[in-house]
Structure formats: C-alpha cells, structure tokens
Amino acid sequence: MRQRIADYALLGDCHSAALVGRDGSIDWACFPRFDSASVFCRILDARRGGSFRVGPEGDFPSSRRYLDDTNVLVTTFTTPTGVLEVTDCMPVRTRGAQGPRLGSRHSLLRRLRCTTGEVDARVVVAPRFEYGAFVPRIRLTSPQTAELVGGADALWVTATRPLIAHEDSLRARWHLRAGDEAWVEAAWTPSLIERTPQEMPDLAALRGRLEDTVAFWREWISHCAYEGDYAHAVRRSALVLKALSYAPSGAIVAAPTTSLPEEPGGVRNWDYRYTWLRDTTLTLISLMLLGYQTETLAFQRWLARTSAGRPEDVQIMYSIRGHRLLPEVELPHLDGHQGSRPVRIGNGAVKQLQLDVFGELLEGSWLFAKMGGSLSPGHWDFLRGLVEEVCQRWRQPDQGLWEIRDESRHFLHSKLLCWVALDRALRIARARRFPAPVGRWSRERALLREYLLREGSRLGWFSQSVGSQRADASVLQLPALGFLPSGHPLVERTVQVVREQLERGRLLFRYHAPDGLRGGEGTFLLCSFWMHDVLVHSGRAEEAEELLRYLLSLANDVGLYAEESVPDTGEARGNFPQAFTHMALVASCAQLSAGRRFQLPRPGAYDYADFALTYHLGRRSMFMSHFAWEAAH
Numbered sequence: 001m002r003q004r005i006a007d008y009a010l011l012g013d014c015h016s017a018a019l020v021g022r023d024g025s026i027d028w029a030c031f032p033r034f035d036s037a038s039v040f041c042r043i044l045d046a047r048r049g050g051s052f053r054v055g056p057e058g059d060f061p062s063s064r065r066y067l068d069d070t071n072v073l074v075t076t077f078t079t080p081t082g083v084l085e086v087t088d089c090m091p092v093r094t095r096g097a098q099g100p101r102l103g104s105r106h107s108l109l110r111r112l113r114c115t116t117g118e119v120d121a122r123v124v125v126a127p128r129f130e131y132g133a134f135v136p137r138i139r140l141t142s143p144q145t146a147e148l149v150g151g152a153d154a155l156w157v158t159a160t161r162p163l164i165a166h167e168d169s170l171r172a173r174w175h176l177r178a179g180d181e182a183w184v185e186a187a188w189t190p191s192l193i194e195r196t197p198q199e200m201p202d203l204a205a206l207r208g209r210l211e212d213t214v215a216f217w218r219e220w221i222s223h224c225a226y227e228g229d230y231a232h233a234v235r236r237s238a239l240v241l242k243a244l245s246y247a248p249s250g251a252i253v254a255a256p257t258t259s260l261p262e263e264p265g266g267v268r269n270w271d272y273r274y275t276w277l278r279d280t281t282l283t284l285i286s287l288m289l290l291g292y293q294t295e296t297l298a299f300q301r302w303l304a305r306t307s308a309g310r311p312e313d314v315q316i317m318y319s320i321r322g323h324r325l326l327p328e329v330e331l332p333h334l335d336g337h338q339g340s341r342p343v344r345i346g347n348g349a350v351k352q353l354q355l356d357v358f359g360e361l362l363e364g365s366w367l368f369a370k371m372g373g374s375l376s377p378g379h380w381d382f383l384r385g386l387v388e389e390v391c392q393r394w395r396q397p398d399q400g401l402w403e404i405r406d407e408s409r410h411f412l413h414s415k416l417l418c419w420v421a422l423d424r425a426l427r428i429a430r431a432r433r434f435p436a437p438v439g440r441w442s443r444e445r446a447l448l449r450e451y452l453l454r455e456g457s458r459l460g461w462f463s464q465s466v467g468s469q470r471a472d473a474s475v476l477q478l479p480a481l482g483f484l485p486s487g488h489p490l491v492e493r494t495v496q497v498v499r500e501q502l503e504r505g506r507l508l509f510r511y512h513a514p515d516g517l518r519g520g521e522g523t524f525l526l527c528s529f530w531m532h533d534v535l536v537h538s539g540r541a542e543e544a545e546e547l548l549r550y551l552l553s554l555a556n557d558v559g560l561y562a563e564e565s566v567p568d569t570g571e572a573r574g575n576f577p578q579a580f581t582h583m584a585l586v587a588s589c590a591q592l593s594a595g596r597r598f599q600l601p602r603p604g605a606y607d608y609a610d611f612a613l614t615y616h617l618g619r620r621s622m623f624m625s626h627f628a629w630e631a632a633h
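Reminder that position 623 of the sequence shown reads as 623 in UniProt numbering, one-by-one numbering, no gaps.
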C-alpha cells in the first residue's frame with residue numbers, strides 16, 4: 001500500500017524521530033540523531049529504503065490515536081477474525097535525567113495486543129542502513145533475539161516470541177488470541193558494540209520502558225499553561241514541537257525528514273533536519289506562549305556555544321550539534337517519494353545571507369525578557385554584536401526568509417526584521433539599563449522605517465521586494481511585528497493584494513515570483529496562519545475563526561501538519577511534521593483567545609506576540625504599562 005505524507009504519524013524521543021504509516025510500517029527512522037543516516041527510509045524509496053512492519057497478516061483497515069497527552073501511538077487494525085492493537089513509541093531514559101539531560105534508548109518499541117477474537121500478526125524488520133545503501137547481515141543470537149549489522153550501524157532486535165532470520169529481513173508470524181500480548185524492540189548501536197542475549201531486555205524491562213515514556217510526555221505537557229480555545233490542537237502541537245527538540249543541546253529541527261516533495265515529481269526536495277535560527281526562535285516564542293521557559297534557556301545555551309566568536313560569523317542554520325558545514329549531497333540511488341528526485345541530504349542554504357535572522361533573535365530575546373527571563377551581560381554583548389551587524393548590512397540585498405536560489409533582492413520582510421532588531425534592542429537596553437549606543441541605533445531605526453515606507457510601498461501597498469510588483473505573504477508580518485497598525489490604509493491594501501494574488505481556497509501561496517528553481521509548490525500553511533492573525537487584530541474575529549477552523553481541519557487524523565497543502569484537496573506536501581506549521585497553530589490559537597478575552601489595545605502599532613504572551617501569562621498590568629511607555633516615547 002503506497003503511503004501519502006499525511007498517512008504517517010510521528011514517534012520521537014527528543015533525540016531522533018520515526019514515521020509510522022497507517023499500515024503499521026515504520027518507513028522513516030534515523031539513529032542516533034535526527035540528522036544521522038537513516039536506518040529505514042521506505043518513504044523515499046519503496047524498493048530500496050527498508051522498513052519495520054508490524055500488523056495483521058494482510059491489508060485491513062486501521063484507526064489511530066495518540067495516548068492522551070503523549071507521543072505514544074496506538075494503531076488499531078480490524079480483521080474479520082479479531083482486532084489487533086499496536087502501541088508504538090521511541091523510549092526515553094528518564095530516571096535521574098530531566099531537561100537537557102534527557103536520555104534516549106535509540107530504539108523503537110512495539111507492543112502487539114489482541115483485544116477481540118484472534119489475529120495472525122506479522123513482523124518484518126528490514127533495515128537498509130545509510131539511506132538504503134545496502135542490506136545488512138542478519139542473524140539470530142537466540143530464538144527471540146537477533147543482530148542486524150553492517151557498516152557503522154547495528155540493530156539489536158528483542159521479541160517475546162520467536163523470530164526467523166531471512167537473507168534480507170528478520171520476520172515472525174504470531175497467532176494471538178484475545179488478551180494475548182507480544183513485544184518487539186529494535187535498538188540501534190554503533191556496529192562495533194556487541195550484545196549477548198543475556199544483555200537484551202526482558203518483558204518487565206520492555207513494559208517499564210513504555211510506562212516511563214508515557215509518564216515523561218504526560219509530565220512535560222502538564223506544565224502547559226494554555227487555557228484558551230482549541231486546547232486539544234494546541235497541546236498536540238506543543239508535543240510535536242517538543243519531540244522535534246534535541247535534548248542534549250536544546251536545538252530544534254525544522255522537521256524530522258528530508259526530501260518530502262513540495263510538488264510530486266518535482267525538484268523542491270530539501271533536508272530540514274537542522275536548526276534554523278529563525279524557525280527555532282519562532283518555535284520558542286510559541287512555547288513561551290504556553291508557559292515554557294526551560295526550552296528557551298536550553299536554546300540560549302546552545303546558541304551561545306554554537307555562535308561563539310564574531311557576530312559577523314553567525315549563520316542562518318547549524319546542525320543540532322552546532323556544526324557549520326552542511327554540504328548538500330544528492331542520493332541518486334533513491335527514487336524519492338512519489339518519484340520526486342533528487343533526494344538530498346545536507347542543505348546548501350546554510351551560507352546564504354538572510355537578514356531577517358537578526359530580528360528574529362532580538363524579538364525572541366525581548367519576549368523572553370518580558371516573560372521574566374534573565375539576560376546576562378554576556379548574552380547582551382552577543383545581542384549588541386548582532387545589532388551592529390544590522391547597522392552594517394541592512395542596506396544589502398539578501399536571499400530572504402524563503403531562501404530563494406536566485407540572485408539576491410531587497411526583500412521587504414528582511415528589512416522589516418532589521419527594523420525589529422533595532423527596535424527590540426532599544427527596548428531591552430532601556431528596560432534593563434544595558435549599555436548601548438541608543439542615539440545611533442535610534443537613528444538607524446528611523447532610517448529603516450523611512451526606507452520601508454518610501455521604497456516598499458510605492459504601489460500603495462507593500463510588495464515582495466523593492467521595485468517588485470508581486471505580492472509576498474511575508475509582508476503580513478508588518479503589522480504583526482508592530483511596524484504599522486493593522487488598520488493602517490497601507491496594511492489594509494496590502495492584505496487585499498496578498499489575497500487577490502496569492503489566495504486560493506482560503507489558503508495562501510508564499511509568492512508567485514521567480515526563485516531560481518523550476519516547478520511549483522503547494523500553499524504554505526504558515527502564511528494562512530499569518531493571515532488569521534492579521535484578521536484577529538483588525539477586529540475581524542469571526543472571519544479569523546472561520547479561517548482557523550478550516551486550517552485545523554487540514555491536520556491529519558492524529559493532528560499533524562506538513563509544510564504545505566494542496567488547496568483543492570488538502571493533500572499534505574513537504575517535510576513532515578513541520579515545526580513552522582505547528583508553531584503557527586499555537587500562536588494563532590493564542591492570538592484568537594487573547595483577542596476574545598482581553599480587549600485589543602487602542603488603534604496603534606503593537607507586537608502581536610507581545611500581546612498574546614502578556615495575556616496568556618496573566619500580565620495585564622505590565623502589558624498596559626508597556627503601551628503607556630510606548631505612547632510616551
């Protein structure tokens with residue numbers, strides 16, 4: 001059965017991730033990290049990729065759900081003779097280890113349980129290490145344990161019932177009656193490590209691993225402070241975002257997959273298993289809206305170590321362990337998802353100039369400070385260096401947040417975020433009385449504002465870039481980041497043009513403009529959430545909620561989103577699940593809830609995230625004093 005992108009569910013342990021299809025097949029998994037070579041990648045090549053299939057003998061309908069408040073998946077298969085329930089997780093190590101020290105067992109744990117009647121269950125473990133490059137050696141080490149080894153990798157499989165070794169896979173067929181259980185775990189190690197059957201986990205250990213993993217996720221989500229509308233979708237997105245975090249460093253990946261296409265058969269297939277400073281900052285802002293600080297502190301530590309050196313050397317993205325070199329390589333032996341070639345690992349955008357990153361980091365720092373977070377003198381020195389880079393570079397063209405692979409341009413979104421960098425730095429300096437060249441920064445901020453208003457709106461609305469006549473959904477951030485009021489005529493006309501040029505079936509494309517690549521893409525879900533936020537803050541709450549409900553309906557059966565969607569069908573496109581989309585869902589639900597329950601500020605320019613953060617953290621007095629300060633200055 002060919003699986004679509006939306007047919008998958010996520011498993012994660014805050015170190016790596018796996019995707020499980022509706023048929024019970026794990027078709028994507030990397031060990032020991034998100035950006036490691038894959039062990040299973042059938043999602044990218046049905047013949048060569050390898051998979052870990054558990055389910056009934058034959059193809060039967062299934063339904064799925066996550067155990068409440070966890071990333072533990074339950075898939076239920078209904079057959080003519082009985083019902084089989086498969087519970088899947090990636091076990092975590094929790095005893096004596098929390099936060100950044102959370103450990104991983106680098107394994108996939110699967111429990112099969114017959115709940116009704118009787119079922120013949122099938123297990124097929126067929127890894128293909130290093131992105132499907134070869135078939136490993138497979139041998140039994142006991143009737144219920146096996147070693148699958150080759151190259152740098154090994155999988156150690158433990159089951160509670162007998163296994164059979166084949167040349168290309170490890171297999172089993174188990175007859176289960178109502179009340180029967182069977183367990184199977186595949187654990188990764190470097191190939192040089194050897195294990196004896198006595199070192200493999202027994203039934204009690206496997207049960208304990210599942211219990212510990214359920215307890216970990218429920219303990220983490222119990223700290224979610226969100227009490228607004230659509231709480232179920234918000235909590236699911238929060239769990240996804242946490243699963244996309246790398247516990248040892250605090251980094252967050254944009255998505256756990258590579259090369260899932262933006263267009264079937266197309267070339268827009270990218271590796272998203274890295275940490276973009278922009279994506280991570282926006283994700284952390286969403287987690288802050290939910291009351292989480294630990295993840296922000298962990299990322300700050302990661303950023304301080306990773307970016308150590310000159311501010312001018314800061315990159316737009318890094319590996320989750322801080323590596324700066326991410327060479328982009330094509331894998332010609334893989335067919336790609338739905339024949340979409342090339343399959344790529346690494347990402348050549350790493351060395352692009354994207355000026356918006358500076359503003360995203362300053363915005364995140366400002367909101368973190370308002371949340372009560374501590375900014376050390378050393379961190380302020382780093383932020384000051386970033387602001388000085390903005391002063392030097394904002395007049396340059398860049399590749400923009402969409403990472404075009406074409407000649408650079410003067411993107412308005414990039415200039416806007418440079419203005420944000422200066423504006424938030426000035427706020428931090430004044431609020432915390434940090435040393436700063438306030439006068440010079442204020443003059444640069446004024447020059448940037450004048451430039452945006454003069455050069456960006458020559459058409460009577462804000463276009464994609466200076467001199468362009470094309471719309472770009474990123475300019476919806478102009479009111480969201482407090483540059484102009486939502487009701488300003490330029491903003492209203494811009495929203496109108498964006499919808500005229502880019503909207504299709506209530507969803508928005510990012511842009512329709514040359515970007516150096518052939519082919520097309522789906523509508524970009526983040527942009528439609530941005531539109532929702534503008535509608536909320538323009539006083540059009542009913543229209544905004546109608547859009548939000550439609551966006552929520554585009555999630556798959558277990559609440560997950562890809563990067564893009566086909567407007568007419570809702571079909572998922574791009575890497576999956578996508579942090580950008582889940583981050584935006586959290587922020588938009590928070591905006592709508594805050595706008596309903598807390599009177600919007602009087603007409604004027606203000607930061608949407610600041611507004612929502614203040615409401616959801618119950619800081620009305622601080623929020624109102626902030627606006628009083630803004631009015632006076």
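Glycine is no exception: its CB is placed at the ideal position from the N, C-alpha and C atoms.
For clarity, every value in this text was computed on a predicted model and none was experimentally measured.
Counted within 10 angstroms of its Cβ, other Cβ atoms place residue i as buried (16 or more) or exposed
i: SER63; result: exposed
i: GLN599; result: exposed
i: ASP381; result: exposed
i: ILE193; result: exposed
i: LEU459; result: exposed
i: LEU401; result: buried
i: GLU295; result: buried
i: ALA204; result: exposed
i: VAL92; result: buried
i: THR196; result: exposed
i: ARG384; result: buried
Other residues of its chain near residue i: CB distance less than 7 Å, five sequence neighbours each side excluded
i: ALA126; result: GLY50, SER51, ASP168, SER169
i: ASP557; result: ARG64
i: ALA429; result: ALA436, VAL438
i: ASP35; result: ARG273, TYR274, SER319, ILE320
i: GLY364; result: THR281, LEU284, ILE285
Residue i: CB within 7 Å of a non-hydrogen atom of the ligand FMN
i: GLU118; result: Absence of the ligand FMN from the depicted structure is noted, as is the absence of any ligand whatsoever, leaving it without description.
Proximity to residue i [Cα-Cα], best of the options
i: ARG341; options: GLU389, LEU284, VAL267; result: VAL267
i: PRO261; options: LEU585, THR283, PHE576, ALA587; result: PHE576
i: LEU297; options: LEU502, VAL135, SER376, CYS89; result: SER376
i: ARG424; options: GLU211, PHE368, ALA304; result: PHE368
i: TRP441; options: HIS532, LEU490, VAL390; result: VAL390
i: THR145; options: PHE31, ARG161, ASP68; result: ARG161
i: LYS242; options: ARG207, SER286, GLU263, ASP212; result: SER286
i: LEU517; options: ASN269, ASP88, HIS323; result: ASN269
Rounded straight-line distance, which links the Cα of residue j to that of residue i
i: ASP7; j: ARG573; result: 12 Å
i: HIS413; j: TRP419; result: 10 Å
i: ARG395; j: ARG549; result: 40 Å
i: HIS379; j: LEU326; result: 26 Å
i: ARG2; j: ARG42; result: 10 Å
i: PHE462; j: LEU361; result: 24 Å
i: SER142; j: LEU148; result: 13 Å
i: LEU525; j: ALA225; result: 25 Å
i: GLU181; j: ALA133; result: 34 Å
i: GLY570; j: PHE509; result: 13 Å
i: ALA513; j: GLY82; result: 54 Å
i: ALA544; j: LEU535; result: 5 Å
i: ASP279; j: ARG105; result: 27 Å
i: GLU455; j: ALA609; result: 27 Å
i: ARG48; j: ARG22; result: 20 Å
i: VAL495; j: LEU289; result: 26 Å
Supposed close pair residue i, residue j - CB separation, criterion 8 Å
i: ARG139; j: ALA165; result: 6 Å
i: ALA605; j: GLY487; result: In fact, because the Cβ distance is near 10 Å, the residues do not count as touching under 8 Å.
i: ALA612; j: ALA587; result: 7 Å
i: VAL74; j: GLY24; result: Wrong, their Cβ atoms sit about 11 Å apart, outside the cutoff.
i: ALA421; j: VAL387; result: 6 Å
i: GLY150; j: ARG137; result: 6 Å
Beta carbon proximity, residue i to chain D, threshold 8 Å
i: PRO397; result: Looking at the structure shown, chain D is missing, and only one protein chain is on hand.
Contacting residues, own chain, Cβ-Cβ under 6 Å from residue i (five flanking each side not counted)
i: HIS175; result: ASP120
i: VAL343; result: LEU44, SER259, LEU331, LEU334, GLY336
i: TRP530; result: LEU476
i: ARG122; result: GLU57, ARG173
i: LEU244; result: ILE252, VAL253, ALA579
Same chain only: Cβ atoms within 8 Å of residue i, ignoring 5 sequence neighbours per side
i: PRO201; result: THR158, GLU185, ARG209
i: LEU585; result: ALA233, VAL234, SER237, PHE529, LEU551, LEU552, TYR561
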